[in-house]
Amino acid sequence: MKLNFCLSIGLAFFAFQTKAQQKMPATFVYVKEFIPTITLEMRYFGSHNFTGKPIRGYEKPVAILTKRAALALQQVEQHLNNQGLALKIFDAYRPQRAVDHFKAWSLATQDTIAKREFYPELDKKNLFKLGFIATKSGHSRGSTVDLTLISLKDHKEIDMGGPFDFFGAVSHHNYTKLTAKQKENRRILREAMAKFGFKAYDKEWWHYTLKDEPYRKTYFDFIVK
68 MKLNFCLSIG LAFFAFQTKA QQKMPATFVY VKEFIPTITL EMRYFGSHNF TGKPIRGYEK
128 PVAILTKRAA LALQQVEQHL NNQGLALKIF DAYRPQRAVD HFKAWSLATQ DTIAKREFYP
188 ELDKKNLFKL GFIATKSGHS RGSTVDLTLI SLKDHKEIDM GGPFDFFGAV SHHNYTKLTA
248 KQKENRRILR EAMAKFGFKA YDKEWWHYTL KDEPYRKTYF DFIVK
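Next comes the structure, spelled out in structure tokens:
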């Protein structure tokens with residue numbers, strides 16, 4: 068009887084702890100609250116992404132980051148505004164369940180709805196091996212963001228030489244077959260992000276992580292809502 072009681076208490080505590088872990092920590096913020104002028108196009112909330120479907124864990128098209136990352140990004144935005152440019156975010160904090168969704172999708176080899184647009188030359192089963200998808204993502208730690216540049220004049224995206232989330236060499240920072248203008252645009256973004264503490268990911272021109280991120284080993288799974 069005592070053992071059953073202790074087991075019940077233990078299970079109840081585990082359930083409470085798990086539920087608590089699903090809440091957004093106080094150290095995370097909505098990016099729009101810190102950068103009201105920033106543009107959002109949250110691709111995983113909708114179907115315009117490499118899976119062709121909305122991703123698990125995104126219930127609203129909002130961008131969430133750790134407060135530290137949001138404050139650094141605020142400085143980037145202000146710096147770029149002085150040059151007639153601004154930021155557009157495609158993804159920020161990403162729940163672990165969304166990363167798990169990507170993994171399940173990669174194993175469903177017959178599901179190639181978005182292949183023509185996002186990975187025309189690759190077999191989806193190789194996306195993990197090539198470093199485009201991982202079982203753990205820096206996004207789930209809350210200080211990684213996917214973004215691009217837009218013009219303040221017309222709010223159109225600046226030409227980066229390749230689209231967001233394209234799985235191929237054109238997305239690499241060291242890709243050489245770009246026009247001088249495309250190279251310059253990537254340089255502007257990379258230098259602006261680096262100036263305020265973000266490091267680039269070599270295989271994706273849009274992907275940046277705060278160097279001084281507060282959660283280096285914690286992967287969160289609260290829902291984006």
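Add 67 to the 1-based position in the sequence shown for this note's numbering, that's all there is to it.
Glycine residues also receive a C-beta, built at the ideal position from the N, C-alpha and C atoms.
All figures in this text were calculated on a predicted structure; none of them were measured in a lab.
For Ile-255, there are no CB contacts under 6 Å within the same chain when 5 residues up- and downstream are skipped. Here Asp-232 is near Trp-273, since their CB atoms are less than 9 Å apart. The alpha helix (DSSP H) runs of length 4 or more contained entirely in the segment 229 to 278 are, from start to end of the chain, 247 to 262. Within the DSSP bridge table, the entry for Tyr-97 names Ile-131 as partners. Of the residues assessed, Glu-271 falls on the buried side of the cut-off, its CB having 16 or more other CB atoms within 10 angstroms. Here Arg-135 has Pro-281 as same chain residues with Cβ atoms under 6 Å from its own Cβ, once five neighbours each way along the sequence are excluded.
With 16 or more neighbouring CB atoms inside 10 Å of its own CB, His-206 falls in the buried class.
Trp-172 and Arg-164 have their C-alpha atoms roughly 12 Å apart. Under the DSSP assignment, Ser-204 falls outside any alpha helix (DSSP H); it carries neither an H nor an E label.
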